[in-house]
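For the sequence shown, the positions run 5 to 496 when the numbering used here is used. Virtual Cβ for every residue (Gly too), placed ideally from N, Cα, C. None of the values given here were measured: they were computed from a predicted structure. Encoded as structure tokens, the structure appears first; notes follow it.
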Amino acid sequence: MAARDDSVIRGSLIACLIFLVLSAALNFFFWQSANVQAIKADKAADQLQSRTSELKLKDDQARLMKSMLGVGSMTEAELELLKQSASGDPEMQLIEQQFVRDMALLSGEGAENPSYPKVPEFLMNTIRSRNEQYGLLLKEVEQIKAQAESDIQIAQKAQQVAEQRADDVQKKLDQERQLFTQDRERINKEKEDTRDSLTKTVQEFTRFRQVTNEEKTKLNRQLDQRQNTIETQKMELVRLRSDQFETVQGNIRFVRGETVTINLGSADALRPGVTFGVVGGDETRLKDAKVKATIQVTRILADHLAEARVVARPDIRHPIIPGDFIYSPFWAPGRKVKIALAGDIDIDNDDRPDNEAIKGMITAAGATVVAEISSTGVVEGTLDASVRFLVVDEKAMSGSDDEVNQEQEIAIGKIKQLARELGVSVIPAWKLQAYLKTIDDTLTTPLGSAVRGEDFPPESGVGATQRYPSNLPELFRRQTEGMQTDNKILPP
């Protein structure tokens, strides 16, 4: 019983084992079959996609071919895309390239929606247009040909006329040649005669040149002499026009105490305040004459008569007498004395120019300033031979090493040279100041509200009643005080 149970169990186990083996074999078969089917399905899907792509490509190619054949439309953008596209079909690429080259022939209206059916129409229109142009060109050729034939006929006639003229010119040329031969023989003869005449002329010219050189040398010598004479006379003119008393303006007519009358008046443009120097009437050389006294005009009496007071009395040995001459550097009969100022002039030693004050003093003296020369040489006004004095402040330029002052000195030197050439007297500023002192208010003693303490210094009473040699009586003091001592025209 127990053995039968073991065999049953063993049989059951074997049966189970067989069943498992069969189940595994069946499952493997089913899996293998499913795998094969999946592979086939994938292959079928790939084939379907490939066929779909090929179908789409064929469809596009078919649509493109229809557009090329005129079925449908193709825009310029599609044509440009067609030029740039590169399909995988070599035959289709050749067709597309050929289509692009063919469509490049189209122009105008044919360029829109390009296709092969439009090519014949475009070609026909082009041929028709070319035929019309060819017809027009034929007409133009005929016209040109007719014009050319006409021009040829005109040219032939002109050629005949030119040939006739050439014959005439040839005949005339032969005649001219004969005349030329005759003239050449005549000219050769004249040339020989001219050569002989030229030789004689050269000899005469050589003699004339020698004579001319001698005369030129003589004239140059005379020119040098004349130039030296001119320079000498110019120097003499400068000397004569210097500030010496080379010219008198009038003379003394009557003397009465401290008052005199002179032969100048309103007709001579004389005015009160003009100061004159008195020179002896027996002087023959005015340059060396001594100024014996100074007078100042106080009143105009007539056309040629005026009254003046004695500003500086003469020496008792040389009194003022009728007939003595008078002279003033700032007055001229009937005209104003002209004066020019050169550079900055300082007369009060304050290192500042006093040109404006000097001009006022000159105007008050009866003269006028007609020209002013700056320190750089620029002339304002007129500097000519009518100017009496050129005033230069020489002390402002002397002893200066400054480059600017040296340039000013050079400029003033050029102006002084020009003044000497014009005969203008050059005087320093201190001499002008000496001339102007006769009208300087600072030399007189003001009274009233303008009185100044320094004008009245205290007087010492020591020895007031004593009689020393220096303390002379009034009678003798009047003979020495206010006496003319040199050629300076003293102030009043």
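Only counting the same chain, and skipping five residues up and downstream in sequence, which positions put a Cβ closer than 6 Å to that of residue i?
| i | result |
| --- | --- |
| I366 | I343, V373 |
| F334 | V341, A369, G370, A371 |
| S393 | Residue identity differs from the one stated: residue 393 is Phe in this sequence, not Ser. Contacts found: I343, S429, I431. |
Can you give me the C-alpha to C-alpha distance between residue i and residue j, rounded to a whole angstrom?
| i | j | result |
| --- | --- | --- |
| D187 | Q179 | 12 Å |
| A389 | G370 | 19 Å |
| V123 | L68 | 17 Å |
| T236 | D328 | 32 Å |
| R303 | A310 | 6 Å |
| E136 | L59 | 50 Å |
| D358 | A433 | 11 Å |
| L61 | R55 | 10 Å |
| I414 | S270 | 44 Å |
| A150 | E95 | 58 Å |
| E100 | I131 | 26 Å |
| S154 | E146 | 12 Å |
| S453 | L426 | Reliability of the predicted coordinates at S453 is poor, the pLDDT of 40 falling under 50, and no value is obtained from them. |
| Q231 | T205 | 36 Å |
| A152 | Y138 | 20 Å |
| F103 | F126 | 15 Å |
| A19 | A38 | 28 Å |
| N255 | V391 | 25 Å |
| A533 | I43 | Outside the displayed range of the chain (5 to 496) lies residue 533, so it cannot be described from this structure. |
| E218 | R181 | 52 Å |
| Q157 | Q164 | 11 Å |
| F212 | L422 | 41 Å |
| A361 | E384 | 18 Å |
| Q174 | L183 | 14 Å |
| Q229 | V215 | 21 Å |
| L227 | E208 | 27 Å |
| G417 | D354 | 24 Å |
| I191 | I148 | 57 Å |
| R339 | T279 | 16 Å |
| S11 | Q36 | 37 Å |
| L109 | R134 | 15 Å |
| R14 | L21 | 10 Å |
Would residue i pass as a contact of residue j if the rule is Cβ separation under 8 Å?
| i | j | result |
| --- | --- | --- |
| I325 | I299 | no |
| E262 | V314 | yes |
| A375 | T386 | yes |
| D352 | D397 | no |
| V252 | F258 | no |
| L345 | V382 | no |
| D272 | H308 | yes |
| A297 | A316 | yes |
| P318 | V301 | no |
| G347 | Q412 | yes |
| H322 | G284 | yes |
| I320 | I377 | no |
| I266 | A312 | yes |
Going along the chain, which residues of its own chain have a beta-carbon closer than 7 Å to the beta-carbon of residue i, five neighbours each way excluded?
| i | result |
| --- | --- |
| L30 | none |
| Q556 | Lying before the first or after the last residue shown, residue 556 is absent from the chain, which here runs from 5 to 496. |
| L26 | none |
Excluding the 5 residues preceding and the 5 following residue i in the sequence, name in chain order all residues of the same chain whose CB lies nearer than 8 Å to its CB.
| i | result |
| --- | --- |
| I234 | none |
Check your understanding: Taking the runs of the beta strand (DSSP E) that are 3 residues or longer, which of them lie wholly in the segment 354-401?
Key -> Counting whole runs of 3 or more residues, the segment 354-401 contains the beta strand (DSSP E) stretches 372-377, 383-385, 391-396.
Practice item. Give, in chain order, every unbroken run of the beta strand (DSSP E) that is at least 3 residues long and sits entirely within the segment 278-302. Key: Complete beta strand (DSSP E) runs here, min 3: 279-283.
Point to revise | Minimum length 3: unbroken beta strand (DSSP E) runs contained in the segment 306-335 | key: Every beta strand (DSSP E) stretch that sits fully inside the segment 306-335 and reaches 3 residues is listed by chain position as 309-316, 329-331.
Check your understanding: What runs of the beta strand (DSSP E), each 3 residues or longer, lie entirely inside the segment 141-194?
Key -> Entirely contained in the segment 141-194, not one beta strand (DSSP E) run reaches 3 residues.
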